[in-house]
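Take a look at the structure set out below.
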Amino acid sequence: IAADVERKLRGISETIEKVADAGEQVEELASGEADPDVEEVVLKSPDMLTRLAASAPYLVAQSIFMLVLLFFITASGDLFYAKIVEASPTFRAKRRAIGITRDIEKRISRYFLTISVVNAGLGASIGLTLWWLGMPNPLLFGVMAFALNFIPYLGALAGVAVTFAIGIVSFPTLGDALVVAAAYLALTTLEGQLITPYAIGRRLSLNPVIVFIAVAFWGWAWSVIGMFIAVPLLIVALVISERVEGLEGLAIFLSGERLPEPSEEEREAT
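Now the structure itself:
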């Protein structure tokens, strides 16, 4: 019995010694007293520029696809009008379909023209402001603001984030980086809340919640290109719902225009 107890105690003591040795090795590693001959391997995550470079071919492929699609749509001429007329069963339906198509074309053209002019002014303002604040490559930031502002909400946030990140690297203090980011945010807020709504007008006004959801969905489906086409697709849906009987509720839901308050006669009638 004594021999069995001694053998078991010996096994336990050996286990305790191994645990103690392992603890000492961990302490040496934590205190930096490890073997100097051992090479340290550090895995570095890719930086922002590397990730952008990796995603560039995908974005270029999407851009080429969109340009080819626009080329075929433009080259088709009046083919869509002819097909719409052929597909409509009655003369009244043909007239309504042609009216919807022309209204869509008119509103989308007006939207892109207005937004392009506004974005050009915004890009120039941001470029001049960042140049005055001492930001390197202000022209590049102006071009970036022009392109990103075609994406509602998320484009402005992305521009602020990029400006702040570059400002941290370019300026000696965090306060300077915050100043340039705040200037970018202030200009985009002024544009989004005052200038663009006034320039676009009420007929192109959209529900901001629906716009945000559409940008998020199409961004998930088609990445950056999907974000660019989210608002034009909403304009198409708005025009169709305004012209087709039974879809008036959808038009009210998509529109950003508030309904007028009912008059006293209407309240009494209800």
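Residues 358 to 627, numbered by this note's numbering, are exactly what the sequence shown covers, in order.
Glycine is no exception: its CB is placed at the ideal position from the N, C-alpha and C atoms.
Being a predicted model, the structure only gives us computed values, none of them experimental.
Helix, strand or coil at residue i [DSSP, three-state]
i: ALA518; result: helix
i: LEU490; result: coil
i: LEU531; result: helix
i: SER612; result: strand
i: LEU595; result: helix
i: LEU563; result: strand
i: LEU607; result: helix
i: TYR510; result: coil
i: SER445; result: coil
i: GLU462; result: helix
i: ALA359; result: Bear in mind that the predicted position of ALA359 carries a pLDDT of just 48, short of 50, making it too unreliable to give a figure here.
i: ALA391; result: Confidence in ALA391 is poor, its pLDDT being 48 and thus under 50, which makes the residue's placement unreliable; the coordinate value appears in the next sentence. Residue state, collapsed to three classes: coil.
i: LEU400; result: Its pLDDT being 49, under 50, LEU400 is placed unreliably by the model, and the measurement read from it follows with that caveat. Note: LEU400 maps to coil in three-state DSSP.
i: LEU366; result: With a pLDDT of 48 at LEU366, under the threshold of 50, the modelled position of that residue is not reliable, and the figure given next carries that caveat. Of the three classes helix, strand and coil, the one that applies to LEU366 here is helix, per DSSP.
Delimiting residues of the alpha helix (DSSP H) encompassing residue i
i: ILE557; result: 553-557
i: VAL601; result: Here VAL601 belongs to no alpha helix (DSSP H), and DSSP marks it neither H nor E.
i: GLY499; result: 495-505
Supposed contact pair residue j and residue i - C-beta distance, whole angstroms, cut 8 Å
i: SER482; j: LEU544; result: 5 Å
i: GLY549; j: ALA513; result: 7 Å
i: ALA608; j: THR471; result: Actually they are not in contact, since the Cβ atoms of ALA608 and THR471 sit about 21 Å apart, beyond 8 Å.
i: SER445; j: ALA454; result: 5 Å
i: LEU490; j: VAL536; result: 6 Å
i: TYR510; j: VAL572; result: 7 Å
i: MET501; j: VAL474; result: Wrong, their Cβ atoms sit about 18 Å apart, outside the cutoff.
i: PRO357; j: GLY484; result: Residue 357 is absent from the model: the chain starts at 358 and stops at 627.
i: TYR468; j: ILE592; result: 6 Å
i: ILE508; j: PHE585; result: 6 Å
Q: Count the CB pairs spanning the region 514-528 and the region 576-590 that are closer than 8 Å, and state whether there are at least three.
A: no
Q: State whether the region 567-574 contacts the region 472-489, with contact taken as three or more CB pairs (one from each stretch) at a distance under 8 Å.
A: no
Q: Pair every Cβ in the region 455-462 with every Cβ in the region 593-601, then say whether three or more of these pairs are closer than 8 Å.
A: yes
Q.
Does the contact criterion of 3 or more C-beta pairs under 8 Å hold for the region 526-537 versus the region 501-515?
A. no
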